[in-house]
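For this note's numbering, add 3 to where a residue sits in the sequence shown, where the first one is 1.
Every residue gets a Cβ at the ideal spot worked out from N, C-alpha and C, and that includes glycine.
All values reported here derive from a predicted model rather than from experimental measurement.
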Amino acid sequence: MVEMIGTVAVGGFLGAISRYWLMQYIKTKIKSAMPIATLVINLSGSFLLGLTAGFQVNETLHLLFAVGFLGAYTTFSTLAVEAAELWKGKIRRIFYWYLFCSFGGGLLFAWLGYMAANIG
Numbered sequence: 004m005v006e007m008i009g010t011v012a013v014g015g016f017l018g019a020i021s022r023y024w025l026m027q028y029i030k031t032k033i034k035s036a037m038p039i040a041t042l043v044i045n046l047s048g049s050f051l052l053g054l055t056a057g058f059q060v061n062e063t064l065h066l067l068f069a070v071g072f073l074g075a076y077t078t079f080s081t082l083a084v085e086a087a088e089l090w091k092g093k094i095r096r097i098f099y100w101y102l103f104c105s106f107g108g109g110l111l112f113a114w115l116g117y118m119a120a121n122i123g
C-alpha cells in the first residue's frame, strides 16, 4: 500500500509541475478571453488518459501515469472556477463555448486516444 501511494505521489508531483509549466508557457504565447491554457491541458490529458485506457497498462503504470500524473495534470476545479469567472464577467458566449470545448472536446479527445491505442 505504501508503495502504491508513493507511485501516485511521484506521478502527481510530475503532473502538477508539468501543468504549471505548460500553463505559464501557453499564457505567454496566447492572449485570449477564453482560458486556453486550461483547455489545452485538459484536452491533452483526456487524450493521454484515453490512450492509457486503450493500452490497458499494468497497475503500477496506471497508478503512476493515469492516477498520479494525469490526476494532477488535468484540473476540473480550475475549469469550474474559470467558467464561473466568465459567467460573472457576463462573457456568456465565451462561457458557453468554453464549456462546450471542454466537455465535448474532452470526450472526443479521450475517445481519439483510446482509438489510437487500439489501431492495428
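Quick one: Cα of residue i to Cα of residue j, how far?
{"i": "Ile-20", "j": "Ile-33", "result": "20 Å"}
{"i": "Phe-72", "j": "Leu-64", "result": "10 Å"}
{"i": "Phe-112", "j": "Leu-54", "result": "9 Å"}
{"i": "Met-7", "j": "Asn-61", "result": "13 Å"}
{"i": "Leu-82", "j": "Leu-42", "result": "8 Å"}
{"i": "Leu-51", "j": "Gly-116", "result": "6 Å"}
{"i": "Gly-38", "j": "Gln-59", "result": "According to the sequence shown, residue 38 is Pro rather than Gly. Near 32 Å, if we compare the C-alpha coordinates of Gln-59 and Pro-38."}
{"i": "Glu-88", "j": "Ala-36", "result": "11 Å"}
{"i": "Ala-119", "j": "Ala-56", "result": "11 Å"}
Sort the options by Cα distance to residue i and report the nearest one.
{"i": "Gly-2", "options": "Tyr-99, Val-70, Asn-45", "result": "Given a span of 4 to 123 for the chain in the structure shown, any question on residue 2 remains unanswerable."}
{"i": "Thr-78", "options": "Ser-47, Glu-6, Val-13, Thr-31", "result": "Ser-47"}
{"i": "Tyr-101", "options": "Gly-9, Tyr-76, Asn-45, Met-4", "result": "Asn-45"}
{"i": "Ala-12", "options": "Tyr-117, Trp-90, Leu-67", "result": "Leu-67"}
Starting from residue i and walking both ways along the alpha helix (DSSP H), at which residues does that stretch end?
{"i": "Ile-97", "result": "95-102"}
{"i": "Thr-78", "result": "Unbroken run through Thr-78: none, as it is neither H nor E."}
Note to self: Ignoring anything shorter than 3 residues, give me the beta strand (DSSP E) runs that lie fully in the region 17-73, in order along the chain.
What the structure shows: none
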